[in-house]
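Numbering (full-length UniProt numbering), first residue to last: 1 to 140. Heads up, the beta-carbon is just placed ideally off N, CA and C, and yes, glycines get one too.
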């Protein structure tokens with residue numbers, strides 16, 4: 001998928017759809033994250049750092065270690081031909097990254113400076129995985 005394809009997909013997403021997706025993500029995060037006890041903080045940090053390495057290896061992060069939308073969409077849709085799944089992934093990536101930026105970074109540079117790249121990677125993976133899982137349940 002090319003950069004222009006992402007622009008076309010983004011153009012097809014209205015502002016209200018993006019806001020709705022972000023609001024839905026925020027609401028889901030409050031519910032899920034408050035009860036999520038699967039990992040200790042140390043395990044989250046380790047998993048996040050491993051994910052950060054994968055994202056970096058796959059060129060899915062920028063120079064500051066913050067995930068890039070095009071890199072994540074490519075990573076999560078590799079080998080997929082279903083255009084609706086790709087569009088759902090695109091929306092999930094953008095929604096999760098908007099929330100990650102709001103939660104972890106005042107600027108993209110601050111992610112690298114604050115040493116939160118592992119936290120961002122874990123959050124991003126968890127959020128996108130949850131939204132893709134929801135999509136798959138709705139569209140079997």
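| Nearest neighbour of residue 115, chosen from 100, 61, 65 and 43 [CA to CA] | Counting from one through the chain shown, the residue named residue 115 turns up at place 115. Closest option to residue 115, Cα to Cα, is 65.
| request: Give the straight-line distance between the Cα atoms of residue 101 and residue 51, rounded to the nearest whole angstrom. | output: As a working mapping, residue 101 is identified with position 101 in the chain shown. As a working mapping, residue 51 is identified with position 51 in the chain shown. Answer to the nearest angstrom: the Cα atoms are 17 Å apart.
| From residue 44 to residue 82, what distance separates their C-alpha atoms? | Taking the first residue of the chain shown as position 1, residue 44 is located at position 44. Taking the first residue of the chain shown as position 1, residue 82 is located at position 82. Cα to Cα, residue 44 sits roughly 32 Å from residue 82.
| Closest by CA to residue 92, which one among 40, 125, 55 and 41? | Within the chain shown, the letter at position 92 stands for residue 92. Of the candidates 40, 125, 55 and 41, the one whose C-alpha sits nearest the C-alpha of residue 92 is 125.
| request: Rounded to whole angstroms, what's the CA-CA distance from residue 77 to residue 89? Just pull it up for me. | output: Mapped onto the chain shown, residue 77 falls at position 77. Mapped onto the chain shown, residue 89 falls at position 89. Answer to the nearest angstrom: the Cα atoms are 7 Å apart.
| Which same chain residues, not among the five before or five after residue 48, have their C-beta less than 7 Å away from its C-beta? | Within the chain shown, residue 48 is the residue found at index 48, counting from 1. The residues are 118, 119, 121 and 122.
| task | Please list, in chain order, all residues of the same chain as residue 75 whose beta carbon is under 6 Å from its beta carbon, the five residues on each side excluded. | result | Along the chain shown, one-based indexing puts residue 75 at 75. Scanning its chain for C-beta atoms nearer than 6 Å, with the 5 sequence neighbours on each side dropped, one finds around residue 75 the residues 58 and 60, in chain order.
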